[in-house]
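Note sheet for the following structure.
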Amino acid sequence: MSLLWSSSSSSSSSSSSSSSSSSSSSSSLSQYDQCVADHNGSATWSDPDKTCTCELDGSITCVDIPVPDTSEVCAGLPNGTGNWVYLDTTCICVNGGATSCSKPDGAAVDPNMICMMIHGGATWTTATQNCSCNDNGSPNCVNTPTPYEQCVAAHNGSATWSDPDKTCTCETDGSITCVDIPVPPTPYEQCVAAHNGSATWSDPDKTCTCETDGSITCVDIPVPDTSDVCAGLPNGTGNWVYEDTTCVCSNGGATSCTNTSGAAVDPNMICMMIHGGATWSTTTQNCSCNDDGSPNCVNI
1 MSLLWSSSSS SSSSSSSSSS SSSSSSSSLS QYDQCVADHN GSATWSDPDK
51 TCTCELDGSI TCVDIPVPDT SEVCAGLPNG TGNWVYLDTT CICVNGGATS
101 CSKPDGAAVD PNMICMMIHG GATWTTATQN CSCNDNGSPN CVNTPTPYEQ
151 CVAAHNGSAT WSDPDKTCTC ETDGSITCVD IPVPPTPYEQ CVAAHNGSAT
201 WSDPDKTCTC ETDGSITCVD IPVPDTSDVC AGLPNGTGNW VYEDTTCVCS
251 NGGATSCTNT SGAAVDPNMI CMMIHGGATW STTTQNCSCN DDGSPNCVNI
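The numbering of the sequence shown is full-length UniProt numbering, which starts it at 1 and goes up by one.
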């Protein structure tokens with residue numbers, strides 16, 4: 001009995017010693033070695049989006065893996081030169097264009113085709129440019145004309161032009177503004193405007209009229225005959241004017257006379273005003289004034 005216990009005790013002691021040795025071995029790894037051991041013996045490893053490294057103190061430092069720029073063939077490379085990856089294709093780029101592209105199995109890929117895959121076709125348009133793919137996959141873009149430039153191009157390269165009745169201008173937003181061209185006045189209208197809006201007017205000795213061609217026609221105003229009351233009227237009949245007085249005449253005598261205020265004027269008085277008195281003489285006659293203002297003359 002005593003021997004059996006001793007054996008058991010010895011076995012237990014041996015097991016305890018082994019466990020202690022293993023624990024001592026594990027705890028003897030440095031923090032750095034432990035980090036490496038925890039990552040399959042690698043001090044550096046990569047995830048899909050970052051690269052990580054075991055530091056000497058056992059800490060882990062990770063750096064994000066830049067997302068490749070696939071907006072254009074060879075995009076994102078310094079000076080457009082280097083290796084550029086698109087899906088499973090790698091291109092060798094120089095100055096923004098691919099000199100060659102190949103898949104992992106070595107099969108060649110046309111850079112122009114990659115450009116078309118990126119942009120959904122051989123040509124595309126941005127807000128300011130029209131683009132197409134070059135043979136090396138680089139984009140070939142030209143600026144899209146602005147609305148103003150389109151307007152100018154649509155009018156034979158002129159920003160301002162005239163129609164028969166208006167002048168038009170391209171605005172910066174491409175819209176068109178037009179201003180009516182004033183229709184020049186006709187010669188007749190010019191004549192009327194030059195005479196205070198009147199087509200007919202009078203000077204002291206004539207009456208003038210604008211003709212349709214703009215010319216002016218004038219007719220002399222007859223000088224009234226004031227040598228005698230009712231003188232110069234056909235058959236001595238009609239209206240006869242002396243200064244501010246108008247007389248109604250019949251057969252060489254005035255039936256009535258009035259001034260501009262409407263007051264009656266004696267025709268006999270007008271006759272005396274004309275001849276400087278109630279009587280007068282010529283070389284052949286002695287004359288006096290009748291009541292109707294007409295002269296009453298007898299030969300000498």
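Yeah, the Cβ is synthetic: ideal placement off N, Cα and C, and Gly gets one too.
1. Quick one: residues in its chain with C-beta nearer than 8 Å to the C-beta of M272, no 5 flanking neighbours on either side, listed in chain order?
2. Distance check for H39 and D57, CA to CA, integer angstroms please.
3. Excluding the 5 residues preceding and the 5 following C178 in the sequence, name in chain order all residues of the same chain whose CB lies nearer than 6 Å to its CB.
4. DSSP puts A108 in a beta bridge; with which residues?
5. Could you give the distance in angstroms between the alpha-carbon of C115 and the alpha-carbon of V152?
6. CB T258 to CB A264, shorter than 8 Å?
7. Following the continuous alpha helix (DSSP H) through P147, name the residue where it begins and the one where it ends.
8. Between the Cα of residue 301 and the Cα atoms of T226, Y32, C230, which residue gives the shortest distance?
9. Could you spell out the range, first to last residue, of the alpha helix (DSSP H) harbouring V192?
10. Does the beta-carbon of V73 have 16 or more other beta-carbons within 10 angstroms, so that it is buried, or is it exposed?
11. Do you know offhand how far S23's Cα is from S30's?
12. Which of the three DSSP states is assigned to S21 in this structure?
13. Should the stretch 232-242 be called in touch with the stretch 203-213, which here means at least 3 C-beta pairs below 8 Å?
14. By Cβ distance below 6 Å, which residues in the same chain neighbour A108 in space, the five residues on each side in sequence not counted?
15. Return the first residue and the last residue of the beta strand (DSSP E) that residue 305 is part of.
16. Keeping to the same chain, check which residues put their C-beta closer than 6 Å to that of T246; ignore five residues upstream and five downstream.
17. Please state the DSSP three-state secondary structure of P68.
18. I need the straight-line Cα distance from N251 to S227, nearest angstrom please.
19. Of all the options T237, C133, D173, C54, which has the alpha carbon lying nearest to the alpha carbon of G121?
20. Rounded to the nearest angstrom, what separates D47 and I176 at their Cα positions?
21. Report, in whole angstroms, the separation of the C-beta atoms of I270 and G253, which I expect to be a contact under 8 Å.
22. Start and end of the beta strand (DSSP E) containing N143?
23. Is it buried or exposed, V142, if we count other Cβ atoms within 10 angstroms and call 16 or more buried?
24. Roughly how many angstroms separate the alpha carbons of V223 and D180, rounded to a whole number?
25. Let me know the secondary structure DSSP gives I92 once reduced to three states.
26. If you draw a straight line from the alpha carbon of C93 to that of D64, how long is it in whole angstroms?
27. So S138 and G96 are supposed to be a Cβ contact under 8 Å. How far apart are they, rounded?
28. Could you compute how far the alpha carbon of T283 sits from the alpha carbon of H275?
29. Under a Cβ-count criterion, where at least 16 other Cβ atoms within 10 Å of its own Cβ denotes burial, should N286 be classed as buried or exposed?
30. Using beta-carbon positions only, say whether N83 and T90 come within less than 8 Å of one another.
31. Are the beta-carbon atoms belonging to C208 and I216 less than 8 Å from one another?
The relevant details are as follows:
1. Close CB contacts of M272 within its chain, under the 8 Å cut and outside five residues either way in sequence, are with A278, C289 (chain order).
2. 15 Å
3. K166, C168
4. S102
5. 34 Å
6. Yes, they are a contact pair.
7. 147-154
8. Beyond the ends of the chain as shown, which are 1 and 300, falls residue 301; an answer cannot be given.
9. Counting along the chain, the alpha helix (DSSP H) containing V192 begins and ends at 187-194.
10. buried
11. No answer about S23 holds up, because its pLDDT of 41 lies below 50 and its placement is not dependable.
12. Confidence at S21 is low in this model, with a pLDDT of 41, below 50, so the placement of that residue is unreliable and no value is reported for it.
13. no
14. S102
15. No statement about residue 305 is possible, as the shown extent of the chain runs from 1 to 300 and does not include it.
16. N239
17. coil
18. So the two alpha carbons sit approximately 16 Å from each other.
19. C133
20. 60 Å
21. The Cβ separation is near 11 Å, so there is no contact.
22. 139-143
23. It is exposed - the Cβ of V142 has fewer than 16 other Cβ atoms within 10 Å.
24. 50 Å
25. strand
26. 24 Å
27. 5 Å
28. 15 Å
29. Exposed, because fewer than 16 other Cβ atoms sit within 10 Å of the Cβ of N286.
30. Judged by beta-carbon spacing, T90 lies within the 8 Å limit of N83, meaning their Cβ atoms are closer than that value.
31. yes
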